[in-house]
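J.: This is the structure, below, for whatever I ask next.
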Amino acid sequence: MRSFTYERPGTDAEAAASAAREPRTRFIAGGTNLLDLMKIEVETPVHLVDVNGLGLDRIEPTGDGGLRIGAVVRNADLAAHDVVRRDYAVLARALLAGASGQIRNRATTAGNLLQRTRCPYFYDTNQPCNKRVPGSGCSAIGGVSRQLAVIGASDACIATHPSDMAVAMRLLDAKIETVRPDATRRVIPIADFYRPPDGTPHIETHLAAGELITAVVLPKPLGGKHLYRKVRDRASFAFALVAVAAVVQDDGTGRVALGGVAPQPWRSEAAEAYLPDGAARVTDALLSGAKPTPDNGFKLTLARRALGSVLMEARA
Amino acid sequence: MENSIDIKISRRNLLKAGAASATALGTSTMSAAQSAAPAHNLTTTVTLQVNGRTHELALDVRTSLLDALREHLHMTGTKKGCDHGQCGACTVLLDGRRINACLTLAVMHDGQQITTIEGLGTPGALHPLQAAFVKHDGYQCGYCTPGQICSAVGMLDEAASGMPSHVTGSLTERPLLTPEEIRERMSGNICRCGAYSNILDAIEDVAEGKA
């Protein structure tokens with residue numbers, strides 16, 4: 016691991032200002048992804064700003080019946096929260112489907128949104144990777160790509176976003192609250208949060224330099240049946256090949272988002288309008304324009320069948 | 016001995032710090048930005064509360080909690096397996112909650128309570144889970160055992176507080192610790208000898224005693 020300096024600022028705005036002063040700064044909260052990547056020198060920050068201890072660890076109701084989740088609320092605490100279990104069950108299920116008990120006790124809400132891909136070439140510092148070293152090329156295209164994206168990728172990068180939690184957050188139309196280095200604040204809808212890879216896959220979100228996530232806000236509950244189905248190579252502690260998050264109402268309408276198929280949680284409001292017509296119509300629309308590799312074309316079939324299974328469970 | 020380690024680390028950091036500031040001089044904006052920033056150190060003093068005892072350590076800020084325990088406090092009960100959070104051999108309890116000691120920095124835990132396998136029981140007065148692992152032969156080589164036991168302690172507390180898991184049927188009802196639940200909740204601990212069935216028996220014994 017490369018040397019770095021370490022700082023515990025007093026406020027969230029100080030944290031953002033500090034990060035803006037040194038562009039090679041990373042915020043650290045749980046550290047479960049960042050330190051892992053620093054050990055293999057995929058991440059090489061020269062300064063760490065610790066954002067634990069800034070009061071960003073609270074879960075509280077909002078004035079309009081929603082829920083504000085502090086940026087460093089641990090994944091385990093969020094999944095176990097009474098309101099989340101009752102009113103946002105798809106989020107609790109997504110969180111519980113991810114990682115291990117130990118990791119969920121440390122990993123945070125904002126950190127989960129900002130997780131880096133598990134593309135094997137991103138981790139292998141001996142191989143070209145446009146996300147790790149911009150302009151170096153993509154080893155995954157033409158390489159081992161079974162786990163990688165089938166849609167929303169680019170000629171520069173076919174990595175997937177690894178998060179389960181983010182898929183549920185996208186389904187629920189969460190809003191991301193931030194503070195910028197000049198201490199101004201803004202709200203970014205999650206639909207506008209992730210950047211498509213295009214020619215710059217190393218830039219993954221629309222956060223500005225030094226901008227710090229302070230909270231994630233859920234709108235008021237949707238009702239309906241909440242389901243999260245994760246298909247993976249082993250029963251536990253593995254990343255998704257395909258994940259389906261869904262909220263289905265009694266009349267058959269609802270929402271659907273997919274994980275494991277794209278560089279960001281994958282949802283289309285136009286596609287989910289077909290929900291009453293069954294899984295095939297929805298996934299045909301949601302995955303239209305997909306460009307699978309010879310290794311991962313199975314994900315298209317798997318997504319349709321996983322959604323079919325979810326809709327059957329919703330009707331049960 | 017600890018002093019000699021500290022001196023060595025400090026000298027290496029001094030060299031790295033020199034190289035870093037030389038790089039910073041390369042661009043005028045960066046050197047201006049850095050001169051405006053408050054000074055931070057590559058080494059720091061950390062107070063760790065381990066098994067009820069207070070230790071003050073001078074550490075490179077890169078030091079993981081795991082390395083602080085093993086290399087600086089010489090408490091080698093906590094094991095280093097993968098060092099990437101995948102195997103669970105380094106599991107300790109932080110303020111009573113199980114975490115991977117390899118995936119966190121010691122400097123982030125100033126003043127927090129850390130419990131390791133050495134703090135759970137003694138040879139004459141084993142923790143119930145330690146006794147159950149002995150009774151059920153819940154190991155072969157034993158390398159994963161401290162992590163398995165610390166993880167099981169944290170896991171039983173989580174279940175007792177009503178925390179659901181991936182395999183819990185209803186999110187709003189109190190989960191029962193069935194074998195399926197225990198397997199899922201212990202999936203962050205790998206045993207390469209494959210002693211899982213006996214590990215499960217040991218944990219079930221203690222879980223039933225608690226219920």
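Top to bottom, those sequences are chains A and B. Add 15 to the 1-based position in the first sequence for our numbering, that's all there is to it. Add 15 to the 1-based position in the second sequence for our numbering, that's all there is to it. Glycine residues also receive a C-beta, built at the ideal position from the N, C-alpha and C atoms. It should be emphasised that the depicted structure is a prediction, and the values quoted were computed from it without experimental measurement.
Please tell me whether residue 36 of chain B has its Cβ less than 7 Å away from any Cβ of chain A.
T.: The predicted position of residue 36 of chain B is uncertain, since its pLDDT is 39 and thus under 50; a value taken from the coordinates is nonetheless stated next. Cβ-Cβ to chain A under 7 Å: no for residue 36 of chain B.
J.: Just grab the DSSP bridge partners of residue 21 of chain A for me.
T.: Answer is A:63, bridged to residue 21 of chain A.
J.: Quick check: the Cα distance between residue 66 of chain A and residue 158 of chain A, rounded to an integer number of angstroms?
T.: Cα to Cα, residue 66 of chain A sits roughly 38 Å from residue 158 of chain A.
J.: Can you pull the chain A neighbours of residue 99 of chain B, defined as C-beta to C-beta under 8 Å?
T.: Neighbours of residue 99 of chain B on chain A, chain order: 51 and 54.
J.: With C-beta atoms as the reference, is residue 1 of chain A less than 7 Å away from residue 169 of chain A?
T.: No answer is possible for residue 1 of chain A: it lies beyond the span of chain A, which begins at 16 and ends at 331.
J.: Tell me, please, whether the region 224 to 243 of chain A touches the region 67 to 82 of chain A by the rule of three or more beta-carbon pairs shorter than 8 Å.
T.: With the cut-off at 8 Å, the region 224 to 243 of chain A and the region 67 to 82 of chain A touch.
J.: How about residue 46 of chain A: is its C-beta nearer than 7 Å to some C-beta of chain B?
T.: Judged by the 7 Å Cβ criterion, residue 46 of chain A is in contact with chain B.
J.: Taking the DSSP output, what are the residues bridged to residue 209 of chain A?
T.: BP columns for residue 209 of chain A point to A:220.
J.: If contact means a Cβ-Cβ distance below 8 Å, which residues of the region 156 to 179 of chain B contact chain A?
T.: Against chain A - using a Cβ distance shorter than 8 Å - the residues of the region 156 to 179 of chain B are 166, 169, 170, 173, 176, 177, 178 and 179.
J.: Closest to residue 252 of chain A by C-alpha separation, out of A:29, A:288, A:109 and A:54, would be which residue?
T.: Ranking A:29, A:288, A:109 and A:54 by Cα distance to residue 252 of chain A puts A:109 first.
J.: Check whether chain B comes within 7 Å of residue 191 of chain A, counting only Cβ atoms and requiring the distance to be less than that.
T.: Cβ-Cβ to chain B under 7 Å: no for residue 191 of chain A.
J.: For residue 118 of chain A, return the contacting residues in chain B, with the cut-off set at a CB-CB distance below 7 Å.
T.: By Cβ distance, chain B contributes 100, 115 and 203.
J.: Around the C-beta of residue 254 of chain A, are 16 or more other C-beta atoms found within 10 angstroms, so that it is buried, or is it exposed?
T.: By the 10 Å Cβ count, residue 254 of chain A comes out buried.
J.: Along chain B, in chain order, which residues have C-beta atoms closer than 8 Å to that of residue 16 of chain A?
T.: Ordered by position in chain B, the residues that pass the 8 Å Cβ test against residue 16 of chain A are 77.
J.: From what residue to what residue does the beta strand (DSSP E) around residue 240 of chain A run?
T.: Taken as a continuous stretch (DSSP letters only), the beta strand (DSSP E) holding residue 240 of chain A covers 240 to 246.
J.: Tell me which same chain residues have a C-beta within less than 6 Å of the C-beta of residue 277 of chain A, skipping the five on either side of it?
T.: Within the same chain, residue 277 of chain A has close Cβ partners 164, 166 and 167.
J.: Whole angstroms are fine: how far does the CA of residue 90 of chain B sit from the CA of residue 158 of chain B?
T.: So the alpha carbons of these two residues sit roughly 14 Å apart.
J.: How is the beta strand (DSSP E) around residue 63 of chain B delimited, first residue to last?
T.: 58 to 65 is the extent of the beta strand (DSSP E) around residue 63 of chain B.
J.: List, in chain order, every chain A residue whose beta-carbon is nearer than 7 Å to that of residue 181 of chain B.
T.: The contacting residues are 111, 112 and 251.
J.: Give the single residue among A:151, A:47 and A:196 whose Cα lies nearest to the Cα of residue 26 of chain A.
T.: Checked all of A:151, A:47 and A:196; the closest Cα to residue 26 of chain A is A:196.
J.: Which of the residues in the region 65 to 88 of chain A, read from start to end, lie with their CB under 7 Å from any CB of chain B?
T.: Answer in chain order: 65 and 67.
J.: For residue 85 of chain A, which beta-bridge partners are listed by DSSP?
T.: Paired residues: A:230.
J.: Indicate whether residue 114 of chain B and residue 117 of chain A have their beta-carbon atoms separated by less than 7 Å.
T.: The answer is yes: Cβ separation under 7 Å.
J.: State the DSSP-derived secondary structure class of residue 85 of chain B, mapped to helix, strand or coil.
T.: Residue 85 of chain B falls in the helix class under three-state DSSP.
J.: Around the C-beta of residue 206 of chain B, are 16 or more other C-beta atoms found within 10 angstroms, so that it is buried, or is it exposed?
T.: Result: buried.
J.: Can a CB atom of chain A be found closer than 7 Å to the CB of residue 107 of chain B?
T.: Not closer than 7 Å to any Cβ of chain A, the Cβ of residue 107 of chain B fails to qualify, so no.
J.: Please list the partners that residue 187 of chain B has in chain A, where partner means a Cβ-to-Cβ separation under 7 Å.
T.: What residue 187 of chain B touches in chain A: 100 and 101.
J.: For residue 94 of chain B, report the span of its alpha helix (DSSP H) as first-last.
T.: From DSSP, residue 94 of chain B is part of no alpha helix (DSSP H); its letter is neither H nor E.
J.: Tell me, please, which residues DSSP counts as bridged to residue 129 of chain B.
T.: For residue 129 of chain B, which the question treats as bridged, DSSP gives the partners B:65 and B:109.
J.: Any beta carbon of chain B sitting closer than 7 Å to that of residue 21 of chain A?
T.: Answer yes: the Cβ-Cβ gap between residue 21 of chain A and chain B drops below 7 Å somewhere.
J.: Looking at chain A, is there any beta carbon in it that lies within less than 7 Å of the beta carbon of residue 18 of chain B?
T.: Here residue 18 of chain B scores only 41 on pLDDT, less than 50, and its place in the model is too uncertain to base an answer on.
J.: Using the DSSP secondary-structure output, state which residues sit across from residue 153 of chain A in a beta bridge.
T.: The partner list for residue 153 of chain A (beta bridge, DSSP) reads A:144.
J.: Chain B beta carbons: is any one of them nearer than 7 Å to that of residue 296 of chain A?
T.: No, its Cβ sits nowhere closer than 7 Å to a Cβ of chain B.
J.: Would you give the residue range spanned by the beta strand (DSSP E) that residue 262 of chain A belongs to?
T.: Residue 262 of chain A -> beta strand (DSSP E) spans 257 to 263.
J.: Taking Cβ to Cβ, would you say residue 213 of chain B is nearer than 7 Å to residue 152 of chain B?
T.: Result yes, Cβ atoms of residue 213 of chain B and residue 152 of chain B sit closer than 7 Å.
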